[in-house]
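The structure appears below as structure tokens.
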Amino acid sequence: MTRLVLRRLTIAVPLVFIVSVLTFVLESLAPGDTARTILGTNYTPEGYAQLHEKLGLGDPVLVQYWHWLTDAVRGDLGVSPISGLSVGSEIVNRMGVTLSLIVGTTLVSALLGVALGVLSAVRGGRLGKAIDVFSLLGFALPNFWLGLVLITGLAVTVRLFPATGYVPLTASPSEWVASLVLPVITLALGGAAAVAKQTRDSMSDALDAEYVYVLRANGASERSLVLRHALRNAAIPVVTVVGLLFVGLLNSTVLVEGVFAMPGLGGLAVQATTQHDLPMIQGVAVTFTIVVVIVNLLVDLLYGWLNPKVRVR
Numbered sequence: 005m006t007r008l009v010l011r012r013l014t015i016a017v018p019l020v021f022i023v024s025v026l027t028f029v030l031e032s033l034a035p036g037d038t039a040r041t042i043l044g045t046n047y048t049p050e051g052y053a054q055l056h057e058k059l060g061l062g063d064p065v066l067v068q069y070w071h072w073l074t075d076a077v078r079g080d081l082g083v084s085p086i087s088g089l090s091v092g093s094e095i096v097n098r099m100g101v102t103l104s105l106i107v108g109t110t111l112v113s114a115l116l117g118v119a120l121g122v123l124s125a126v127r128g129g130r131l132g133k134a135i136d137v138f139s140l141l142g143f144a145l146p147n148f149w150l151g152l153v154l155i156t157g158l159a160v161t162v163r164l165f166p167a168t169g170y171v172p173l174t175a176s177p178s179e180w181v182a183s184l185v186l187p188v189i190t191l192a193l194g195g196a197a198a199v200a201k202q203t204r205d206s207m208s209d210a211l212d213a214e215y216v217y218v219l220r221a222n223g224a225s226e227r228s229l230v231l232r233h234a235l236r237n238a239a240i241p242v243v244t245v246v247g248l249l250f251v252g253l254l255n256s257t258v259l260v261e262g263v264f265a266m267p268g269l270g271g272l273a274v275q276a277t278t279q280h281d282l283p284m285i286q287g288v289a290v291t292f293t294i295v296v297v298i299v300n301l302l303v304d305l306l307y308g309w310l311n312p313k314v315r316v317r
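Given below as structure tokens:
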């Protein structure tokens with residue numbers, strides 16, 4: 005397992021470097037100008053030229069990237085030229101919102117999806133068809149539309165949960181949970197549908213395997229067959245889906261954070277892009293890449309725990 009972790013970390017370093025290079029180059033080629041964004045519509049050519057030079061926008065792209073990289077390896081992601089705030093501080097302040105939303109959605113999707121998938125594979129019949137209908141609905145319903153429906157029904161009409169906003173865990177645990185319920189449900193419906201579908205298919209294959217018939221003939225209980233043997237052997241593709249779900253939520257949260265007015269990284273990335281705030285875009289992109297690397301590493305570790313053969317690769 006140690007060698008597995010070291011190999012993944014060895015791959016992660018050049019991956020983060022490549023993503024940072026591509027992000028910097030592509031953003032520098034995008035239409036827009038940081039100096040014009042700061043100055044607005046009314047500016048003089050002299051004032052524009054002075055600010056353009058002060059921000060270093062006249063330097064070659066590779067020189068600008070080198071300046072950013074030398075600071076980044078020391079843990080300094082720079083300062084936003086738009087807001088004047090530290091990029092690292094802004095990311096840290098908003099990271100809790102996005103991670104709370106993503107982790108909560110992943111847990112709800114995994115638990116609900118696995119439970120429904122196992123029930124569907126074991127019982128079959130009408131329950132299996134109901135799971136298929138649930139999966140189709142989960143895939144078909146747009147997240148932003150579902151979020152608006154939940155706000156109308158459970159926040160405005162019934163007033164069970166807050167319609168918008170986010171309360172930090174340190175401020176009030178109960179209000180923190182309440183502020184996450186509606187956005188997590190909004191995102192978890194599609195995720196649970198994907199996990200349920202994959203769990204059902206994997207469990208059906210596992211229950212039809214020869215070793216299951218041998219264990220059943222030797223007197224093993226159905227509970228042991230399902231939970232101890234079949235589910236563990238069916239878990240690897242399910243873990244893959246859950247890992248992909250977590251990574252995909254980094255994009256999906258952008259709309260949901262907007263619908264529920266949550267100050268997360270998704271909104272920060274959109275704002276930085278529209279304002280051509282290159283240091284902020286770089287910081288968010290590198291942060292997302294590191295999160296993806298960590299998630300993939302955890303998925304690989306789960307593979308090794310579920311299937312010992314993976315550890316010797």
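Everything in the sequence shown is counted per my numbering, starting at 5 for the first residue and increasing by one. Here a beta-carbon is modelled for each residue, glycine too, at the ideal position from N, C-alpha and C. All values reported here derive from a predicted model rather than from experimental measurement.
Using the Cβ count rule (16 or more neighbours within 10 Å means buried), how would you classify residue i?
i: alanine 34; result: exposed
i: tryptophan 149; result: exposed
i: glutamate 261; result: buried
i: phenylalanine 21; result: exposed
i: serine 139; result: buried
i: lysine 201; result: buried
i: alanine 134; result: exposed
i: leucine 26; result: exposed
i: threonine 74; result: exposed
My guess is that residue i and residue j are in contact by the Cβ rule of under 8 Å, so how many angstroms apart are they, rounded?
i: leucine 249; j: serine 113; result: 6 Å
i: glycine 287; j: isoleucine 95; result: 5 Å
i: glycine 268; j: arginine 204; result: Contact flag wrong, Cβ pair sits at about 32 Å.
i: isoleucine 285; j: glutamate 31; result: 5 Å
i: threonine 41; j: histidine 280; result: 6 Å
i: leucine 105; j: isoleucine 155; result: Between isoleucine 155 and leucine 105 the Cβ distance is about 15 Å, and since that is not below 8 Å, they are no contact.
i: leucine 184; j: glycine 108; result: 5 Å
i: serine 84; j: proline 283; result: 6 Å
i: alanine 196; j: glycine 142; result: 6 Å
i: leucine 301; j: arginine 12; result: 5 Å
i: valine 243; j: valine 303; result: 6 Å
i: valine 23; j: valine 290; result: 7 Å
i: alanine 39; j: histidine 56; result: 5 Å
What is the DSSP secondary structure of residue i, reduced to helix, strand or coil?
i: serine 32; result: helix
i: valine 25; result: helix
i: serine 256; result: helix
i: leucine 304; result: This sequence places aspartate at residue 304; leucine is not what is there. Reduced to three states, the DSSP call for aspartate 304 is helix.
i: glutamine 279; result: coil
i: leucine 59; result: coil
i: asparagine 222; result: coil
i: threonine 38; result: helix
i: valine 242; result: helix
i: phenylalanine 148; result: helix
i: valine 171; result: coil
i: valine 96; result: helix
i: leucine 141; result: helix
i: phenylalanine 165; result: coil
i: arginine 130; result: helix
i: glycine 44; result: coil
i: alanine 234; result: helix
i: serine 176; result: coil
i: glycine 157; result: helix
Based on DSSP bridge pairs, tell me the residues matched to residue i.
i: valine 263; result: Valine 263 is not bridged to any residue.
i: serine 90; result: Val83
Counting Cβ pairs, one atom from each stretch, are 3 or more of them under 8 Å apart for the segment 98 to 112 and the segment 259 to 276? Touching, yes.
Meets three-Cβ-pair contact criterion under 8 Å: the segment 187 to 201 and the segment 137 to 151: In this structure the segment 187 to 201 lies against the segment 137 to 151, because at least three pairs of beta carbons, one per stretch, are closer than 8 Å.
Can at least three beta-carbon pairs, one atom from the segment 81 to 93 and one from the segment 162 to 180, be found at a separation below 8 Å? Contact between the segment 81 to 93 and the segment 162 to 180 is absent, with fewer than three C-beta pairs closer than 8 Å.
Hey, is the segment 203 to 218 in contact with the segment 235 to 243, meaning 3+ C-beta pairs nearer than 8 Å? Contact between the segment 203 to 218 and the segment 235 to 243 is present, with at least three C-beta pairs closer than 8 Å.
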